[in-house]
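Numbering (the working numbering), first residue to last: 6 to 242.
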């Protein structure tokens, strides 16, 4: 890990303190230097390759990997063994990030698993919070009527009210269009490395946030960086 060191003297003793790269990579409004976190950026780049495998399942690369490693499964559901190769460990690393922002857009509901797949757009948890119990309806299509609208009665029978409210906000496809995967952090639904980097960096920002400022931003940092003084003085401050 890259670290920047600073030497000081306290009580006649020489001490060494260090400012970790995580702190340096924070935005300027949160007390950092606004530098790019290379580990988060690297994970975002790997996640882009995973997105290509999902977005283009008929490509030569995707078909080759599927035939060798998950011929009877799905890339999002497969569990990789601890003894997997370095390539597959990299894929898993990217998938860990991709799963945080990927979501199914409901069309006819035939491809979306009700209790396992992310398909309810809310907060950071895209699956139902209602326990499955003995529900026999395993696909979203089972909760859509013959006209392509939600079967409200069936939803209320098997989901808690907080889930029903969020599900009814989802627009179904009257023409029974096919379900597809989308990248939630972008309005277009298409994956971008910048949005993935922000998502990967989000955990670090949350750790540095305070109760008074949930986003971690403080007005004092904005005053420092906005001061009309030489840049080196702002950096020192």
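For each residue, glycine too, the CB sits at the ideal point set by N, CA and C. Every value quoted in this text rests on a predicted model; they were computed, and no experiment measured them.
Contact the stretch 123-141 vs the stretch 103-110: 3+ CB pairs below 8 Å: yes
Inter-residue spacing [alpha-carbon to alpha-carbon] between residue 235 and residue 37: 18 Å
Own chain residues within Cβ distance below 6 Å of residue 223, not counting five before or after: none
Any non-hydrogen atom of the ligand GDP within 6 Å of residue 101 CB: Here there are no bound small molecules, and the ligand GDP is not part of this structure.
Simplified DSSP state of residue 232, which is helix, strand or coil: coil
Candidates 82, 71, 129 and 98, of which the one nearest residue 47 by Cα: 98
Touch test, the stretch 129-139 against the stretch 193-206, Cβ-Cβ under 8 Å, three pairs minimum: no
Status (buried if at least 16 other CB within 10 Å, exposed otherwise) for residue 114: buried
Where the beta strand (DSSP E) containing residue 187 begins and where it ends: 185-188
Same chain only: Cβ atoms within 7 Å of residue 160, ignoring 5 sequence neighbours per side: Taken in chain order, the residues that qualify are 148, 169 and 172.
Limits of the unbroken alpha helix (DSSP H) element including residue 71: 65-74
Bridge partners - residue 110, DSSP secondary structure assignment: Answer is 185.
Backbone CA spacing between residue 66 and residue 54 [nearest angstrom]: 11 Å
Identity of the residue in 153, 231, 140 and 83 nearest residue 180 by Cα: 153
In chain order, each alpha helix (DSSP H) run of at least 4 residues that lies wholly inside the stretch 117-169: Qualifying alpha helix (DSSP H) stretches, in chain order: 157-163.
Residue from 128, 58 and 137 whose Cα sits closest to the Cα of residue 162: 137
Cβ-based neighbour list, residue 144, same chain, cut-off 7 Å, excluding 5 preceding and 5 following: 114, 115, 117, 118 and 119
8 Å CB neighbourhood of residue 100 in its chain, flanking five on each side removed: Closer than 8 Å at the Cβ level, and outside the excluded window around residue 100, lie 52, 55, 80 and 81.
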